[in-house]
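Heads up, the thing below is written out as structure tokens.
Protein chains: 2
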Amino acid sequence: MESWPPGGSGPAEAGPRLRGLRGADLAASASLLSGAGAGAEAGCSAPAVAAVLPAGGSGERMGVPTPKQFCPILERPLISYTLQALERVSWIKDIVVAVTGENMEAMKCIIQRYQHKGISLVESGVTRHRSIFNGLKALAEDQPNCRLSKPEVVIIHDAVRPFVEEDVLLKVVTAAKEHGAAGAIRPLVSTVISPSVDGCLDHSLERARHRASEMPQAFLFDVIYEAYQQCSDYDLEFGTECLHLALKYCHIKAKLIEGSPDLWKVTYKRDLYAAESIIKERISQQICVVMDAKEDEEHVGHRLEEMLKNELNHVKVTSGRDLQQIILEQCYNFVCVNVMTSDFEETQKLLNMLEESNLSILYPVVVISVQFLDYESVPFGQKMENLMQIREFAKEVKKTNILLYGLLVYYPQERITLTITKPEQRQELKRRKKLSAY
Amino acid sequence: MESWPPGGSGPAEAGPRLRGLRGADLAASASLLSGAGAGAEAGCSAPAVAAVLPAGGSGERMGVPTPKQFCPILERPLISYTLQALERVSWIKDIVVAVTGENMEAMKCIIQRYQHKGISLVESGVTRHRSIFNGLKALAEDQPNCRLSKPEVVIIHDAVRPFVEEDVLLKVVTAAKEHGAAGAIRPLVSTVISPSVDGCLDHSLERARHRASEMPQAFLFDVIYEAYQQCSDYDLEFGTECLHLALKYCHIKAKLIEGSPDLWKVTYKRDLYAAESIIKERISQQICVVMDAKEDEEHVGHRLEEMLKNELNHVKVTSGRDLQQIILEQCYNFVCVNVMTSDFEETQKLLNMLEESNLSILYPVVVISVQFLDYESVPFGQKMENLMQIREFAKEVKKTNILLYGLLVYYPQERITLTITKPEQRQELKRRKKLSAY
Chain A
1 MESWPPGGSG PAEAGPRLRG LRGADLAASA SLLSGAGAGA EAGCSAPAVA
51 AVLPAGGSGE RMGVPTPKQF CPILERPLIS YTLQALERVS WIKDIVVAVT
101 GENMEAMKCI IQRYQHKGIS LVESGVTRHR SIFNGLKALA EDQPNCRLSK
151 PEVVIIHDAV RPFVEEDVLL KVVTAAKEHG AAGAIRPLVS TVISPSVDGC
201 LDHSLERARH RASEMPQAFL FDVIYEAYQQ CSDYDLEFGT ECLHLALKYC
251 HIKAKLIEGS PDLWKVTYKR DLYAAESIIK ERISQQICVV MDAKEDEEHV
301 GHRLEEMLKN ELNHVKVTSG RDLQQIILEQ CYNFVCVNVM TSDFEETQKL
351 LNMLEESNLS ILYPVVVISV QFLDYESVPF GQKMENLMQI REFAKEVKKT
401 NILLYGLLVY YPQERITLTI TKPEQRQELK RRKKLSAY
Chain B
1001 MESWPPGGSG PAEAGPRLRG LRGADLAASA SLLSGAGAGA EAGCSAPAVA
1051 AVLPAGGSGE RMGVPTPKQF CPILERPLIS YTLQALERVS WIKDIVVAVT
1101 GENMEAMKCI IQRYQHKGIS LVESGVTRHR SIFNGLKALA EDQPNCRLSK
1151 PEVVIIHDAV RPFVEEDVLL KVVTAAKEHG AAGAIRPLVS TVISPSVDGC
1201 LDHSLERARH RASEMPQAFL FDVIYEAYQQ CSDYDLEFGT ECLHLALKYC
1251 HIKAKLIEGS PDLWKVTYKR DLYAAESIIK ERISQQICVV MDAKEDEEHV
1301 GHRLEEMLKN ELNHVKVTSG RDLQQIILEQ CYNFVCVNVM TSDFEETQKL
1351 LNMLEESNLS ILYPVVVISV QFLDYESVPF GQKMENLMQI REFAKEVKKT
1401 NILLYGLLVY YPQERITLTI TKPEQRQELK RRKKLSAY
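Chains as they are written, first to last, in my numbering: chain A, 1 to 438; chain B, 1001 to 1438.
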């Protein structure tokens, strides 16, 4: 179990320590947080963060019979993407999902099938506020037979906002620690108006002075739990805004955080189309470069990384030790560089792991196997053999939806530079991008 | 030139006549309107409707260099779909588009390439309100050298809302005639909040009591033109809401019309993805059944229409006379029924027209050629010949991106019923749907 924030082994209050972090610092902190769980585990007194996801909605606005959080995108339910986005954040300890009794079994199947970790299920209420309240109750200490413990800060997010990033989660949590409550906001797309009872315009609101309240939001647990315990049945039935409850019942003025356009909520059928296209684009923008030995990373890996970063959003270079994790995080594109060996050892290892992972069941995985061979010391016969070998591999793995491309780079030992591979690599990557778009 | 509303040859005020139309009546009226231009043309004193489209925006929220109204969807600029949606409404006489001087030539090319009719271009202003004002000035009678005439009612719409339907346009125009101003509204997706100066929550608005103001809106021309002439520079620079101007300067309380989810505005990149998917879906949901003689429509056409309507949204049955218009309206799916002839005469005619139209340049056109032949009177040799013939056709037209499928139905003369074709047709249609999705 990992705690948040990391490194907090002492009993000191974490608030002041985080108070100074802004902008670029926050981003740096976000990436630091994710790798530093071990330190926190020792002390374990650092404040903990949990998340509550109301997922009891019926999705009536979608115009489809399946509740929108369970609608499939590339054959995987929407909520599974949202859980994945939260799971990736190492400092979120528990995720409580509120679903209807009717969908409880389906939700359990989703958790099992997509190997979600640290999820607790509670039954949702008839309204959004009641579902959130049920989630908070499960986290409160006074619940019997509960493996969950009360967090210091709780994030409230929507099951139908799958594109939440660690950066904005950290910003709302940090602000909630300081202010008691915080929420993401976005500029209004349309002017908001107030109708009169006869269906005519009463007045319009100045667009620049208002914002859309989005998710995620975060609260000191005691603040929001207190607010929910005090609030009226009318609030629970007709209210929509958690920040409003914190203000009304605990006099906490939430800090508002400007969010990115990614925070939008899947509401209508068109949003499912958009989500599908975004997920496809993300998959095509993620690549992992696997090197066969540490010294080669210096030589080729980092220059390849630099080059690829101009064209792709998420580039990872690894010597293969954390491949299992990378595959689990659903990277679908790999460049495997074999410098030291002539028998595609690294590529073979990667292909085995991919086949075992079943990653390619949903979506094709693309592997480009690059092999550097010394022009002078490798005879023509071996060159042909290499070509045949990669073709055989490709034919074999295609059966399991893995598309393998080979790239042989012959070079005189003293003149290996990346400029040789640049154009071919680009072409391969473009071909890959095209392929993965279909 | 067609006027609106149709049939209004007398000088009577059209308002009261329309006042009673609501719900289903309106829908019926909408479809009647489009075919009744000729009657109105004779009298020509019926009130006219024009539309103004501000299209001078830079699309900065999209995060792409091309202004969003010019972003291609299936290789056709977004604004062209919006123009098409307005053009299809026969009672909209003129469409004035306001574009920047920089994009004027590009806009002219779009009009030419997609054969838009009745469009006038004016230069946009630096803000949305200034662009609309320029459009209105072009429609006002006091402009020199202008082929446009002042309409009674003017629709204001956005270039980036391509999915507007005739039904909602008629509703806002009808309401504008009665109330002076009218606009489409939608429920709010997110709660709207008001931030304090220090970036904290000041208060949140009750979601149920507010609405998002969308487009289209419509106004008595004199009302909105008066409002724009009176309004301050501050309004023109920072305002966003035309309904507000009508209220502030002409004391007109606009009638609010509940719109469909289709009215949404393409604002972010994700909206382009959604628009593309919706356009693809629409194309696959539109089908035209071509019959080879009028008497067969009774026999097969209407039963086929009935059946297809259960599975597709837009089904048209024609004896071929208005094929040119149907092709121009971008129908991509055809079922061509040849009952009377055995030589695919109707199919050949349709294929010729399709090839001439260049429709299939952007997107494949699917034609299912159905041929009924009397089982007893047609010898086996001819049956084979028919099969070969359709294959040859298919091979030939595939070069021009037309996908032709043949369906031969052999029957004893006295027993021709549609139940024979039902399962095969369905399969073909499903196959077509799949094909057109790629």
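A virtual CB, placed ideally from N, CA and C, is assigned to each residue, including glycine.
With a cut-off of 8 Å on Cβ pairs, the region 1152-1165 of chain B is not in contact with the region 1189-1200 of chain B, counting fewer than three such pairs. Cβ-Cβ separation between Ile224(A) and Cys200(A): approximately 38 Å, too far for a contact (criterion under 8 Å).
In the three-state scheme derived from DSSP, where H, G and I count as helix and E and B as strand, Tyr273(A) is classed as helix.
Proximity to Ala394(A) across Gly259(A), Val378(A), Met107(A), Leu351(A) peaks at Leu351(A), based on C-alpha coordinates. Burial check for Tyr234(A): the Cβ neighbour count within 10 Å stays below 16, so the residue is exposed.
Only residues of its own chain outside the window of five on either side were considered, and among them Pro77 have a CB closer than 6 Å to the CB of Phe70(A), listed in chain order.
Among the residues facing chain A, Leu1148(B) is not included, as its CB has no counterpart in that chain under 7 Å away. For the 7 Å CB-CB criterion, Arg1128(B) and Pro1216(B) do not form a contact.
Counting only runs of at least 3 residues, the region 1191-1255 of chain B fully encloses the following beta strand (DSSP E) elements, listed from N- to C-terminal order: 1191-1195, 1201-1204, 1211-1220.
Contact between Ile1252(B) and Ala1184(B) is ruled out by a C-beta separation of about 17 Å, above the 8 Å threshold. Look at Arg128(A) here: in three-state DSSP terms it is helix.
Taking the Cα positions, Ile1132(B) is about 7 Å away from Val1052(B). A Cβ of chain A is located within less than 7 Å of the beta carbon of Pro1195(B).
Pro364(A) is not a Cβ neighbour of Leu308(A), given a cutoff of 7 Å.
Residues of chain A whose Cβ lies closer than 7 Å to the Cβ of Val1189(B) are, in chain order, Lys265, Thr267.
In the DSSP secondary-structure assignment, Thr1318(B) is bridged to Val1290(B).
As DSSP reads the structure, Ala1051(B) sits in a beta bridge with Ile1095(B), Ile1155(B). Thr100(A) is outside the set of residues whose beta carbon lies under 7 Å from a beta carbon in chain B.
Against chain A, a Cβ distance below 8 Å from Glu1214(B) picks out Ser190. In the DSSP secondary-structure assignment, Cys1336(B) is bridged to Val1290(B), Ser1369(B). For Ser124(A), same chain residues with a beta-carbon under 6 Å away, outside a window of 5 residues either side, are Gly56, Ala98, Val99, Thr100, Ser131 in chain order. The three-state secondary structure of Arg1161(B), taken from DSSP, is coil. A direct Cα-Cα distance of roughly 10 Å separates Cys1231(B) from Gly1239(B). If you compare the alpha carbons of Ser1319(B), Thr1318(B), Ala1140(B), Phe1334(B) with that of Val1370(B), the shortest gap goes to Phe1334(B). Here the alpha carbon of Leu1170(B) sits roughly 14 Å from the alpha carbon of Glu1087(B). For the region 68-98 of chain A, the beta-carbon criterion of a distance under 8 Å to any beta-carbon of chain B is satisfied by none of its residues.
Under the DSSP assignment, Ile1390(B) falls in the alpha helix (DSSP H) whose first and last residues are 1380-1398. Around the beta carbon of Ile1361(B), a 10 Å sphere encloses fewer than 16 other beta carbons of the protein chains shown; the residue is thus reported as exposed.
Here Leu1188(B) is near His1210(B), since their CB atoms are less than 7 Å apart. Contact annotation, Ala218(A) with Ile155(A): C-beta distance approximately 5 Å; criterion of less than 8 Å satisfied.
Between Glu1306(B) and Leu1220(B) a beta carbon distance of about 42 Å is seen, past the 8 Å cut, so the two are scored as non-contacting. Flagged as an interface residue toward chain A: Glu1241(B), by a C-beta distance shorter than 7 Å.
Excluding the 5 residues flanking it on each side, Glu1226(B) has same chain C-beta neighbours closer than 6 Å at Cys1250, in chain order. In the three-state reduction of the DSSP assignment, Glu1281(B) falls in the helix class, which pools H, G and I. Flagged as an interface residue toward chain A: Tyr1273(B), by a C-beta distance shorter than 7 Å. Under the DSSP assignment, Ser120(A) falls in the beta strand (DSSP E) whose first and last residues are 119-123.
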